[in-house]
Every structure is written in structure tokens, then in C-alpha cells.
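Undergrad: Could you have a look at this structure, given as C-alpha cells, before my questions?
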Amino acid sequence: MQQDILINWSPQETRVAIIEGGAVQELHIERPLERGLVGNVYLGKVSRVLPGMQSAFIDIGLERAAFLHVADVWHRQENGDAPMFARKNEPPVPIEKQVFEGQSIMVQVIKDPIGTKGARLSTQISIAGRLLVFLPQDDHIGVSQKIPSEERDALRGRLQALVGTKEKGGGGGFILRTNGEDASDGELGEDIAYLRKTWARIKDASVRLPPMSVLHQDLNLLQRVLRDLVGEQTQSIRIDSQEQFAALMGFGKEYMPSSVPKLQLYKGERPIFDLYSVDEEIAKALGRRVDLKSGGYLIVDQTEALTTIDVNTGGFVGARNFDDTIFKTNLEAAQAIARQLRLRNLGGIIIVDFIDMVREEHQQEVLAEFRKQLGRDRVKTMAGGFSQLGLVEMTRKRTRESLAHMLCEPCPQCMGKGSVKTVRSVCYDVLREILREARQFNPKEFRIVANAKVVDMFLDEESQHLAGLSDFIGKPISLQSENGMGQEQYDIVLL
Numbered sequence: 001m002q003q004d005i006l007i008n009w010s011p012q013e014t015r016v017a018i019i020e021g022g023a024v025q026e027l028h029i030e031r032p033l034e035r036g037l038v039g040n041v042y043l044g045k046v047s048r049v050l051p052g053m054q055s056a057f058i059d060i061g062l063e064r065a066a067f068l069h070v071a072d073v074w075h076r077q078e079n080g081d082a083p084m085f086a087r088k089n090e091p092p093v094p095i096e097k098q099v100f101e102g103q104s105i106m107v108q109v110i111k112d113p114i115g116t117k118g119a120r121l122s123t124q125i126s127i128a129g130r131l132l133v134f135l136p137q138d139d140h141i142g143v144s145q146k147i148p149s150e151e152r153d154a155l156r157g158r159l160q161a162l163v164g165t166k167e168k169g170g171g172g173g174f175i176l177r178t179n180g181e182d183a184s185d186g187e188l189g190e191d192i193a194y195l196r197k198t199w200a201r202i203k204d205a206s207v208r209l210p211p212m213s214v215l216h217q218d219l220n221l222l223q224r225v226l227r228d229l230v231g232e233q234t235q236s237i238r239i240d241s242q243e244q245f246a247a248l249m250g251f252g253k254e255y256m257p258s259s260v261p262k263l264q265l266y267k268g269e270r271p272i273f274d275l276y277s278v279d280e281e282i283a284k285a286l287g288r289r290v291d292l293k294s295g296g297y298l299i300v301d302q303t304e305a306l307t308t309i310d311v312n313t314g315g316f317v318g319a320r321n322f323d324d325t326i327f328k329t330n331l332e333a334a335q336a337i338a339r340q341l342r343l344r345n346l347g348g349i350i351i352v353d354f355i356d357m358v359r360e361e362h363q364q365e366v367l368a369e370f371r372k373q374l375g376r377d378r379v380k381t382m383a384g385g386f387s388q389l390g391l392v393e394m395t396r397k398r399t400r401e402s403l404a405h406m407l408c409e410p411c412p413q414c415m416g417k418g419s420v421k422t423v424r425s426v427c428y429d430v431l432r433e434i435l436r437e438a439r440q441f442n443p444k445e446f447r448i449v450a451n452a453k454v455v456d457m458f459l460d461e462e463s464q465h466l467a468g469l470s471d472f473i474g475k476p477i478s479l480q481s482e483n484g485m486g487q488e489q490y491d492i493v494l495l
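In the UniProt record's numbering, the protein residues as written are 1 to 495.
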């Protein structure tokens, strides 16, 4: 299916929408303030070696020194063979024999700084491309373990032929990523050329720049659009920033020349995302309910462990009989669910509860349509058949945060539960808490500080219970409204 890519750029946020069939299918968002350091390559300076911990602290120009453990040091064997990590059965070479204070060393971030801990580093450099991962310090040719074992040998041989040998300008190790399983030789060759050119630039920078310099940053979203998202089906890439258009043209000419003719600068008066109502689609993708054109609807619930999608007929009564109504609703739902998975970037385990179908041929047609729609997803998916309970279990690889996790946070009122206690329930919690406090303390007065709705109920419907408790404990109870408090929040002040 033909696709168009729209890029909305601002200093604080970059947003990319992929349009297929006139509808938004995928959204990618990046904020400079939230970008991590994983993948960045630095020319670090060893500030301290700790033999007792078999680690070293490396200054890479960040607020806190980064951490390098001996297990992450890539070294050469004494016989001069290719560099490698120590094997599990062999003790690693002590770190004090591999690095020394003041030494300049090329390192890559493998874990972002967290709290008071600095970033974790490795001296093995790996550069990720769209289809391959390049290991410039190694000569190993590998294939992702997620690709079926019966296909790995053929893919490994094909990749070896494309990589070539050191004598022919080849060298370096490559690992075929999962999404490169069906790539053509031309696509793989373009990725190999890009990765080698990137490594040459890193090596050149390591000689020219002083210690604590950044040698390589993982690509930003604009650059990843050309590397990862553009394909033969892409008709156009439109961007609404003159400055970023020029930068993207320069990057494309050097690394992705086939993408350059598709780049266009958008000069329209309307915001670029208004062309396909992208902002409206984002708002819908953050809700639980997805309406279908037929009148049916989906309910999408995302939890920590899995995502559930429930299909309902709603007001759809257009078919000749009930079985056909269910069948047509499920067919439309299969298409909508596949789109929502991409749009919301839902990953992990997903359970789909289609409406129960009596006829087996209807089940098979719905399942075939569902798998067909999933086949358009660039992220690896796997869907099973209908279970005994009529559910379809599937998985979708987690590639990045879901749209909801990126744009939203748990509600401070309900703390992510999706509901809050009723006002009356909170009133009874308050009464029990006052009784508990009265048995332990002997203040002159109790004061309830709570949400205005709770105070109003104490003054009206629950006034009799409040007065009864005051008489029982022999202490006055006063009320204070605090609009800044959530419905479930309250304080009992002892005066």
C-alpha cells in the first residue's frame, strides 16, 4: 500500500505520522529533553580504576562519571586474535591490566544514568542500522535468534557474500536484525554502506577531537525516518521546517540517496497535521473506545502485563440476520484492531475478544483478515487461532514506549485505577479514622480537612452521623474545605 510521511517539527518536539489509504497508521514522537544516551559513542578519559570492584570510572563529559565494569571491556587475546569478551569459563583479564588513569578510551553507553548512578559503558562498539547491527571490532556474521533456525544458515551465507572480506574492503561483523529477514540484497547493501561510512566518521572524530567528546550520537527521529521508515511504497516525505528540511537533505544525500527525491518542504498555510486530522486521531488513540463505521465499537484496555481488546456490535443492525451482523462487525474490527496496534504502538501480549461466531468458516475468514492486516505492520507480530473461549492471543514486539505511556501519566486523583471512591465512602472512611484517633489521643477538637464535595455531604446528608460521632467521643468536630485535595484525600487535624 502506498504511504505518505508527514513531519511536524518544533524545537521542543518532533512528530511523524505515516499515512496509508488516507488514514493515519503510525505515530512517532520524540522530545529532545527526553532523549536517552544509550547508543552514543564517546572518547572518554579514565578518571579512576577500582581493582577491588573490577571497574573503572570514565569521564565522558556528563554531570557524573560513567561506570565501566571488567565484563564490558572488549580486549584482544594474547595470541593476537580478534578482540572478544572473556569466555564464561575463563577469568577475565583484571581491569587494572587493561585501563589506567588518564587513558583516553572509546566507549559506548549501554545504560542511561538513573538517579545518583552514572551511565554504564562498554568498550565494544555496535552501530544499529535499519536491517543490520555493525560490530566494527569483530568479524562475526550472525543472524537474530528470533529468526527461525532453519532459515539462519541460508541468511548467514547470503550476508557473508554481501559483506565481503577485508581484502576486498570488507571486514567487521554484522548481525541481521529480525526485520531484515525478508530484505533484498539491495536494501542490505545500502545498510552495510551506511554503517561502514558511520564507523569511518567515528574513527576520524576519535583522532581529531579531545577526550570527553561525543563521537557519535544515535540518530534523531528525523534521521531515523529516512533510515527505518522510508521504503519502496513511500511516495513522499513532507516536512514543515525549512531548517530541518535542509539538514535532512544533507543527511539523505550522504547516507540514504534513494530517499532524497521523496523529500518535500511543506509551505501550506494550514498546519501539516491538519491535512489528515492527525491531532484528532491522536486524541482518539488515547481513549478506551474506538467507534467503527458500522456502529460497532472496540474497548481497548492497556495494563502492565497485557492489552485486552473487546469487540462489541453496538448499534449495528445492518445485516440480514444476527450471524451476519456479528460476522461483518468482526471483519471490520479485525482491520481496526490492526490499525490501532500500530497507531498506539501497543506491544507485548494482546488478547482480542471478538464477538462469538457460531459458524467456523466465519471464524476462519475473520482470522485470515486479521493476519492479513497484521502483515502490513513493520513490527513483528504473531497471532494464534481462536481459543476454546473464543479469544485470539497474539504478541507484538515492543519497540518503544506506547503512545499512552509517552503522552500521559497516571491520574493523580485515582492513581491510575480509573475510578475513585464515592463521596459517601470517603465520608465513612473519615468517620472511622476519627474514631481510631480518639482512642489514642485526647485533643480539644478534631478538624476534617477534605475536598469540597466531602465537606458538603457532611453538612447535608451525613450531618446526623457526624453529630452522633461527636457526641460519642465527647469532642467537637469542625470542617474545612480544601479544593486542592482530590476526592479521596483528607486530613484529620488534632487541635
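Think of the CB as a built atom: it goes at the ideal place given N, C-alpha and C, for glycine as much as any other residue.
In angstroms, rounded to a whole number, what distance separates the CA positions of residue 503 and Gln-25?
TA: Residue 503 lies beyond the range of the chain shown here (1 to 495); nothing can be said about it.
Undergrad: Between the beta-carbon of Val-49 and the beta-carbon of Glu-13, is there less than 8 Å?
TA: Sequence index remark: in the sequence shown, residue 49 carries index 49 (1-based). Sequence index remark: in the sequence shown, residue 13 carries index 13 (1-based). Cβ atoms of Val-49 and Glu-13: not closer than 8 Å.
Undergrad: Among Leu-159, Phe-251, Gly-189, Ser-206, which one has its Cα closest to the Cα of Arg-224?
TA: The residue you call residue 224 lines up with position 224 of the sequence shown. The shortest C-alpha separation from Arg-224 is found at Phe-251.
Undergrad: Is Leu-431 near Arg-396, with beta carbons less than 8 Å apart?
TA: In the sequence shown, the residue the question calls residue 431 occupies position 431. In the sequence shown, the residue the question calls residue 396 occupies position 396. For Leu-431 and Arg-396, no; Cβs fall outside 8 Å.
Undergrad: By DSSP's criteria, Ala-56 is part of a beta bridge. Which residues make up the other side?
TA: Working through the sequence shown from its first residue, we reach residue 56 at position 56. Looking at the DSSP assignment, Ala-56 forms a beta bridge with Val-49, Leu-68.
Undergrad: Provide the residue span of the beta strand (DSSP E) that contains Val-99, from first to last.
TA: Looking up residue 99 in the sequence shown gives position 99. Counting along the chain, Val-99 falls outside any beta strand (DSSP E), and DSSP gives it neither H nor E.
Undergrad: Say whether the segment 345-353 touches the segment 395-410, bearing in mind that this needs 3 or more beta-carbon pairs closer than 8 Å, one atom from each stretch.
TA: Because the criterion of three Cβ pairs below 8 Å is met, the segment 345-353 and the segment 395-410 touch.
Undergrad: Take His-228 as the anchor and find which of Phe-245, Gly-129, Asn-321 has the nearest alpha-carbon.
TA: Here residue 228 refers to the residue found at position 228 when the sequence shown is read from its first residue. Here residue 228 is Asp; the residue named in the question, His, does not match the sequence. Taking only the C-alpha atoms, the option nearest Asp-228 is Gly-129.
Undergrad: Would you decide whether Tyr-428 is buried or exposed? Buried here means 16 or more other CB atoms lie within 10 Å of its CB.
TA: Mapped onto the sequence shown, residue 428 falls at position 428. Tyr-428 should be labelled exposed.
Undergrad: For Arg-31, which residues in the same chain have their Cβ closer than 6 Å to its Cβ, ignoring the five residues on either side in sequence?
TA: In the sequence shown, counting from the first residue as 1, residue 31 sits at position 31. So the list reads Glu-13, once near-sequence residues are dropped.
Undergrad: With a threshold of 6 Å on Cβ separation, who are the neighbours of Gly-384 within its own chain once the five nearest residues in sequence on each side are excluded?
TA: Counting from one through the sequence shown, the residue named residue 384 turns up at place 384. Once the five neighbours on either side are set aside, the close Cβ partners of Gly-384 are Glu-393.
Undergrad: To the nearest angstrom, report how far apart Leu-33 and Pro-11 are at their CA atoms.
TA: In the sequence shown, counting from the first residue as 1, residue 33 sits at position 33. In the sequence shown, counting from the first residue as 1, residue 11 sits at position 11. If I take the Cα positions, the gap works out to 10 Å.
Undergrad: Residues in the same chain with beta-carbon distance under 8 Å from Lys-475, minus the five sequence neighbours each way, listed in chain order, please.
TA: In the sequence shown, counting from the first residue as 1, residue 475 sits at position 475. For Lys-475, where only same-chain residues beyond five positions count, the Cβ hits under 8 Å are Ala-438, Pro-443, Lys-444, Glu-445, Phe-446.
Undergrad: Are the beta-carbon atoms belonging to Ser-47 and Ala-23 less than 8 Å from one another?
TA: On the sequence shown, residue 47 is found 47 positions in, with the first residue counted as 1. On the sequence shown, residue 23 is found 23 positions in, with the first residue counted as 1. For Ser-47 and Ala-23, no; Cβs fall outside 8 Å.
Undergrad: What does the alpha-carbon distance come out to for the pair Ile-355 and Ala-305?
TA: What you label residue 355 is simply residue 355 of the sequence shown in a count that begins at 1. What you label residue 305 is simply residue 305 of the sequence shown in a count that begins at 1. C-alpha separation (whole angstroms): 23 Å.
Undergrad: Within 10 angstroms of the Cβ of Thr-325, are there 16 or more other Cβ atoms? Answer buried if so, exposed if not.
TA: On the sequence shown, position 325 is the one that residue 325 refers to. It counts as buried.
Undergrad: Would you call the CB atoms of Asp-218 and Gly-416 closer than 8 Å?
TA: By 1-based counting over the sequence shown, the position of residue 218 is 218. By 1-based counting over the sequence shown, the position of residue 416 is 416. No, these two residues do not count as a Cβ contact at 8 Å.
Undergrad: What are the uninterrupted segments assigned as alpha helix (DSSP H) that are 4 or more residues long and contained completely in the segment 226-285, given in chain order?
TA: Here the runs fully enclosed are 242-255, 278-285.
Undergrad: Below 6 Å CB to CB, which residues in the same chain sit around Val-70 once its five sequence neighbours on both sides are set aside?
TA: As a first step, residue 70 must be located in the sequence shown, where it is residue number 70. If we look at Val-70 and ignore the five residues flanking it on each side, its Cβ neighbours are Gln-54, Pro-92, Ile-95.
Undergrad: Note down, in chain order, each residue of its chain lying with its Cβ closer than 8 Å to the Cβ of Asp-323, except the 5 sequence neighbours on either side.
TA: In the sequence shown, counting from the first residue as 1, residue 323 sits at position 323. So the list reads Met-357, Val-358, Arg-359, His-362, once near-sequence residues are dropped.
Undergrad: Applying the criterion that 16 or more other CB atoms from any shown protein chain within 10 Å of the CB defines a buried residue, is Lys-328 buried or exposed?
TA: In the sequence shown, counting from the first residue as 1, residue 328 sits at position 328. Looking at its Cβ environment, which holds 16 or more other Cβ atoms inside 10 Å, Lys-328 is buried.
Undergrad: Given this structure, state the Cα-to-Cα distance separating Ile-58 from Gly-173, to the nearest angstrom.
TA: Mapped onto the sequence shown, residue 58 falls at position 58. Mapped onto the sequence shown, residue 173 falls at position 173. Going by the C-alpha atoms only, they are around 26 Å apart.
Undergrad: Per the DSSP calculation, Thr-308 is bridged to which residue(s)?
TA: Position 308 of the sequence shown, counting from 1, holds the residue named residue 308. BP columns for Thr-308 point to Asp-301, Ile-351.
Undergrad: Which full runs of the beta strand (DSSP E) of 3+ residues lie inside the segment 383-444, going along the chain?
TA: The qualifying runs are 392-396.
Undergrad: So Gly-296 and Gly-314 are supposed to be a Cβ contact under 8 Å. How far apart are they, rounded?
TA: Along the sequence shown, read from residue 1 onward, the residue named residue 296 stands at position 296. Along the sequence shown, read from residue 1 onward, the residue named residue 314 stands at position 314. The Cβ separation is near 5 Å, so the contact holds.
Undergrad: Rounded to the nearest angstrom, what separates Leu-479 and Ile-337 at their Cα positions?
TA: By one-based count along the sequence shown, residue 479 stands at place 479. By one-based count along the sequence shown, residue 337 stands at place 337. Computed Cα separation, rounded: 50 Å.
Undergrad: Should the segment 195-210 be regarded as contacting the segment 140-160, the criterion being three or more beta carbon pairs within less than 8 Å?
TA: In short, these stretches do not touch, since the Cβ pair count stays below three.
Undergrad: If you run the structure through DSSP and keep just helix, strand and coil, what is Gly-180?
TA: What you label residue 180 is simply residue 180 of the sequence shown in a count that begins at 1. Looking at Gly-180 - three-state DSSP - the assignment turns out to be helix.
Undergrad: Residue range of the beta strand (DSSP E) that residue 518 falls in?
TA: The shown model of the chain, from 1 to 495, leaves out residue 518, and the question about it has no answer.
Undergrad: For a test of the three-state rule: what should DSSP assign to Gln-3, helix, strand or coil?
TA: Within the sequence shown, residue 3 is the residue found at index 3, counting from 1. If DSSP states are grouped into helix, strand and coil, Gln-3 belongs with the strands.
Undergrad: One question on the structure: do Gln-233 and Gln-2 come within less than 8 Å of each other, judged by their Cβ atoms?
TA: Within the sequence shown, residue 233 is the residue found at index 233, counting from 1. Within the sequence shown, residue 2 is the residue found at index 2, counting from 1. Contact flag set, yes.
Undergrad: By Cβ distance below 7 Å, which residues in the same chain neighbour Leu-389 in space, the five residues on each side in sequence not counted?
TA: As a first step, residue 389 must be located in the sequence shown, where it is residue number 389. Cβ within range, chain order: n/a, list empty.
Undergrad: Excluding the 5 residues preceding and the 5 following Arg-87 in the sequence, name in chain order all residues of the same chain whose CB lies nearer than 7 Å to its CB.
TA: Taking the first residue of the sequence shown as position 1, residue 87 is located at position 87. Note that Arg-87 has pLDDT 45, beneath the 50 cutoff, so the model's placement of it is unreliable and the number below is only indicative. Same-chain partners within the cutoff: there are none.
Undergrad: For Phe-85 and Thr-123, what's the separation of their Cα atoms in angstroms?
TA: Along the sequence shown, read from residue 1 onward, the residue named residue 85 stands at position 85. Along the sequence shown, read from residue 1 onward, the residue named residue 123 stands at position 123. Its pLDDT being 45, under 50, Phe-85 is placed unreliably in this model, and the value from its coordinates should be taken loosely. Cα to Cα, Phe-85 sits roughly 10 Å from Thr-123.
Undergrad: Please report the distance separating the alpha-carbon of Leu-188 from that of Ala-333.
TA: Along the sequence shown, one-based indexing puts residue 188 at 188. Along the sequence shown, one-based indexing puts residue 333 at 333. Whole-angstrom Cα-Cα distance: 36 Å.
Undergrad: Hey, is the segment 108-117 in contact with the segment 142-151, meaning 3+ C-beta pairs nearer than 8 Å?
TA: Flag = no, the segment 108-117 and the segment 142-151 do not touch.
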